[in-house]
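In the order they appear, the protein sequences are chains A and B.
Anchor point for the first sequence: position 65 equals 167 in the numbering used here, and the numbering is continuous, going up by one each time.
Anchor point for the second sequence: position 148 equals 250 in the numbering used here, and the numbering is continuous, going up by one each time.
Number of protein chains: 2
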Amino acid sequence: VDNRPIGVFDSGLGGLSIVSELRKLLPHEDIVYFGDTGRVPYGTRSRETIIKYAKQDIAFLRSKNVKAIIAACGTVSTNLPEDYPSGLDIPFCDILRPAVEAACRSSVSGKIGVIATTASVKSGAYGRTIRAVRPDAVVVENACPLFVPLVENGYIERDNKVTKLVAQGYLSPFRKETVDVLILGCTHFPIISGIIADMLQDQILLIDPGTEVAKKARSLLQEHNLFSCRESEGHTDFYVSDNPSSFSQIASIFLGTEVTEDVVLVDVDSL
Amino acid sequence: VDNRPIGVFDSGLGGLSIVSELRKLLPHEDIVYFGDTGRVPYGTRSRETIIKYAKQDIAFLRSKNVKAIIAACGTVSTNLPEDYPSGLDIPFCDILRPAVEAACRSSVSGKIGVIATTASVKSGAYGRTIRAVRPDAVVVENACPLFVPLVENGYIERDNKVTKLVAQGYLSPFRKETVDVLILGCTHFPIISGIIADMLQDQILLIDPGTEVAKKARSLLQEHNLFSCRESEGHTDFYVSDNPSSFSQIASIFLGTEVTEDVVLVDVDSL
Numbered sequence: 103v104d105n106r107p108i109g110v111f112d113s114g115l116g117g118l119s120i121v122s123e124l125r126k127l128l129p130h131e132d133i134v135y136f137g138d139t140g141r142v143p144y145g146t147r148s149r150e151t152i153i154k155y156a157k158q159d160i161a162f163l164r165s166k167n168v169k170a171i172i173a174a175c176g177t178v179s180t181n182l183p184e185d186y187p188s189g190l191d192i193p194f195c196d197i198l199r200p201a202v203e204a205a206c207r208s209s210v211s212g213k214i215g216v217i218a219t220t221a222s223v224k225s226g227a228y229g230r231t232i233r234a235v236r237p238d239a240v241v242v243e244n245a246c247p248l249f250v251p252l253v254e255n256g257y258i259e260r261d262n263k264v265t266k267l268v269a270q271g272y273l274s275p276f277r278k279e280t281v282d283v284l285i286l287g288c289t290h291f292p293i294i295s296g297i298i299a300d301m302l303q304d305q306i307l308l309i310d311p312g313t314e315v316a317k318k319a320r321s322l323l324q325e326h327n328l329f330s331c332r333e334s335e336g337h338t339d340f341y342v343s344d345n346p347s348s349f350s351q352i353a354s355i356f357l358g359t360e361v362t363e364d365v366v367l368v369d370v371d372s373l
Numbered sequence: 103v104d105n106r107p108i109g110v111f112d113s114g115l116g117g118l119s120i121v122s123e124l125r126k127l128l129p130h131e132d133i134v135y136f137g138d139t140g141r142v143p144y145g146t147r148s149r150e151t152i153i154k155y156a157k158q159d160i161a162f163l164r165s166k167n168v169k170a171i172i173a174a175c176g177t178v179s180t181n182l183p184e185d186y187p188s189g190l191d192i193p194f195c196d197i198l199r200p201a202v203e204a205a206c207r208s209s210v211s212g213k214i215g216v217i218a219t220t221a222s223v224k225s226g227a228y229g230r231t232i233r234a235v236r237p238d239a240v241v242v243e244n245a246c247p248l249f250v251p252l253v254e255n256g257y258i259e260r261d262n263k264v265t266k267l268v269a270q271g272y273l274s275p276f277r278k279e280t281v282d283v284l285i286l287g288c289t290h291f292p293i294i295s296g297i298i299a300d301m302l303q304d305q306i307l308l309i310d311p312g313t314e315v316a317k318k319a320r321s322l323l324q325e326h327n328l329f330s331c332r333e334s335e336g337h338t339d340f341y342v343s344d345n346p347s348s349f350s351q352i353a354s355i356f357l358g359t360e361v362t363e364d365v366v367l368v369d370v371d372s373l
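Below is the structure:
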């Protein structure tokens, strides 16, 4: 039993979609969320910079005495060294492996599609991880860098012409190839899953990492005997590295509700 | 006479369009360029964060012993405190005032349009500066945040359907209002000036800050007797805060030529 909070971090606010899933599945747990809004996005940066920033984000969460850490960022999940969790003395989980496991379980044909940020695709991590779970798999990947600013600028309605036009270009490899599952490998992408689905054949299953990560987090807490014994609802503390003035507006896109809690500004450089 | 280099900085690589203009107008000058590619873009961040980052960028250039500094970033130009240059003992120039002066000179009707990043529009600096130069002016502003990722992702051809569709939305206030000049208040926007022009009536003059800033820099050097006495061509040193691997590809969009010089990675946090 452990009443300390679960730490969740992301390059920005996309990881709040994971917080939303965690709250549903683990309602008695406290959560500390850190969004590196002062340096978002990570998906266009080099691997060295992504690792440097992620380590600072993790150091910040550790300073908040968390019992487990979730990297709720597709780009961090694909770029952290594979042995990274081994250096931590608390459970650690990213969004890569839970999504890959769900995709490998669900795919009949073994042809698995992945859309993600440029840095995630460049890392090759999806291909490596999918083939480690299912050696016969064929992986088709495409980077969709513009989806991130489109979502953050609110171009998310299912009939949005701009996002539809961009999606048409990005998703053409999945219309030609006969993948039967498609991993939405960035926390921004589930927000426009309707548009993505409209561009693809009906029989392609979309994998949203959020649901899978929340299940993985629950099993990690169980395994390490870290469930909270609280009977009341847990609360979430929000920290960001840029001025929180525009936080609520973008946060509600991902969280599905308004943020009524305080949002605290932290200086992540100094960590 | 002073053979030290001119320092130029930007949130990323957009400021290279200013370097291109400087090279034309001041061919014997050395230039030190710093692009904060590890934290780009600035245009979506808060004023506090923009000022903090800009001061670090300026500190880096000072460490390179420059004789003058140009803030080649629209967002920095509109968010630095108005008295900021007074703390510096070398000439300082941003892209706001030269563009505003050109617009005020060129406008017949006194109705002046401005497109810029969200942070620039929020700052109110264009309105204040335009009315300081021309008190009768009417200013119409609109933020165009998606133009930045569209340009950086290469959606720049004049017939690009996505950029045209986004531009149509952003530029509608300038079709209704009868502005006769439009300031392109972000270094990314001149790259798609063809698309912007196609959306507007022929009689609207587009102001590209690059040309104006280069002229301003030349007059500052003259005023302070800082011209280089070199007769050979000056060279440019490039510094960035993210891994330079993808530098050349994006840099050539703004610079108009390939970058053959070395590009050096610096740790801007430590400044």
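From the three backbone atoms N, C-alpha and C, an ideal C-beta is built for every residue, glycine too.
Computed from a predicted structure; not experimentally measured.
Closest by C-alpha distance to residue i, when choosing among the options
i	options	result
residue 327 of chain A	A:162, A:251 and A:170	A:170
residue 149 of chain B	B:284, B:180, B:293 and B:129	B:180
residue 350 of chain B	B:249, B:139 and B:305	B:139
residue 266 of chain A	A:314, A:177, A:286 and A:299	A:299
residue 256 of chain A	B:254, B:156, B:108 and B:268	B:268
residue 297 of chain B	B:371, B:360 and B:253	B:253
residue 289 of chain B	B:119, B:160 and B:317	B:119
residue 197 of chain A	A:312, A:372 and A:321	A:312
residue 321 of chain A	A:121, A:200, A:301 and A:122	A:200
residue 301 of chain B	B:324, B:372 and B:271	B:271
residue 247 of chain B	B:323, B:204 and B:143	B:143
residue 104 of chain B	B:372, B:323, B:123 and B:346	B:323
Residues near residue i by beta carbon distance below 6 Å, same chain, minus five either side
i	result
residue 115 of chain B	137, 352, 353 and 356
residue 223 of chain B	243 and 245
residue 166 of chain A	134
residue 295 of chain A	308
residue 210 of chain B	282
residue 178 of chain A	156
residue 208 of chain A	283 and 307
residue 229 of chain B	241
Buried/exposed call for residue i, threshold 16 Cβ in 10 Å
i	result
residue 331 of chain B	exposed
residue 337 of chain A	exposed
residue 125 of chain A	buried
residue 363 of chain B	exposed
residue 279 of chain A	exposed
residue 359 of chain B	exposed
residue 325 of chain B	exposed
residue 189 of chain B	exposed
residue 361 of chain B	buried
residue 121 of chain A	buried
residue 204 of chain B	buried
CB of residue i within 8 Å of CB of residue j, strictly
i	j	result
residue 194 of chain A	residue 183 of chain A	no
residue 235 of chain A	residue 212 of chain A	no
residue 127 of chain A	residue 215 of chain A	no
residue 249 of chain B	residue 291 of chain B	yes
residue 132 of chain B	residue 175 of chain B	no
residue 340 of chain A	residue 315 of chain A	no
residue 192 of chain B	residue 110 of chain B	no
residue 258 of chain B	residue 293 of chain B	yes
residue 286 of chain B	residue 310 of chain B	yes
residue 107 of chain B	residue 202 of chain B	no
residue 185 of chain A	residue 370 of chain A	no
residue 221 of chain A	residue 146 of chain A	yes
residue 344 of chain A	residue 151 of chain B	yes
residue 141 of chain B	residue 260 of chain A	no
Under 9 Å from the C-beta of residue i: neighbouring residues of chain B
i	result
residue 289 of chain A	Within chain B, no residue comes near residue 289 of chain A; the closest Cβ sits about 17 Å away, beyond 9 Å.
residue 248 of chain A	248, 251, 252, 255, 257 and 264
Contacts that residue i makes with chain A (C-beta to C-beta distance below 8 Å)
i	result
residue 140 of chain B	141, 147 and 151
residue 347 of chain B	148
Proximal chain B residues relative to residue i, where beta-carbon distance stays under 8 Å
i	result
residue 263 of chain A	267
residue 159 of chain A	None at all; the shortest Cβ gap to chain B is about 14 Å.
Nonlocal neighbours in the same chain, by C-beta distance under 8 Å from residue i, ignoring five residues either side
i	result
residue 153 of chain B	181, 182 and 183
residue 334 of chain A	130
residue 206 of chain B	214, 232, 235, 236 and 239
residue 264 of chain B	252 and 257
Own chain residues within Cβ distance below 7 Å of residue i, not counting five before or after
i	result
residue 275 of chain A	242 and 244
residue 342 of chain A	137, 139, 349, 365 and 367
residue 163 of chain B	109, 111, 134, 136 and 171
Contacts of residue i in chain A (Cβ-Cβ under 9 Å)
i	result
residue 238 of chain B	The premise fails here: residue 238 of chain B is roughly 33 Å from chain A at the closest Cβ pair, so nothing lies under 9 Å.
Listed by chain order, chain A residues near residue i by CB distance under 7 Å
i	result
residue 371 of chain B	371
Neighbour list for residue i in chain B, Cβ cutoff strictly below 7 Å
i	result
residue 344 of chain A	147, 148 and 151
Interfacial residues, the segment 118-136 of chain A to chain E, with Cβ spacing under 7 Å:
The chain inventory of the structure shown lacks chain E, comprising the protein chains A and B.
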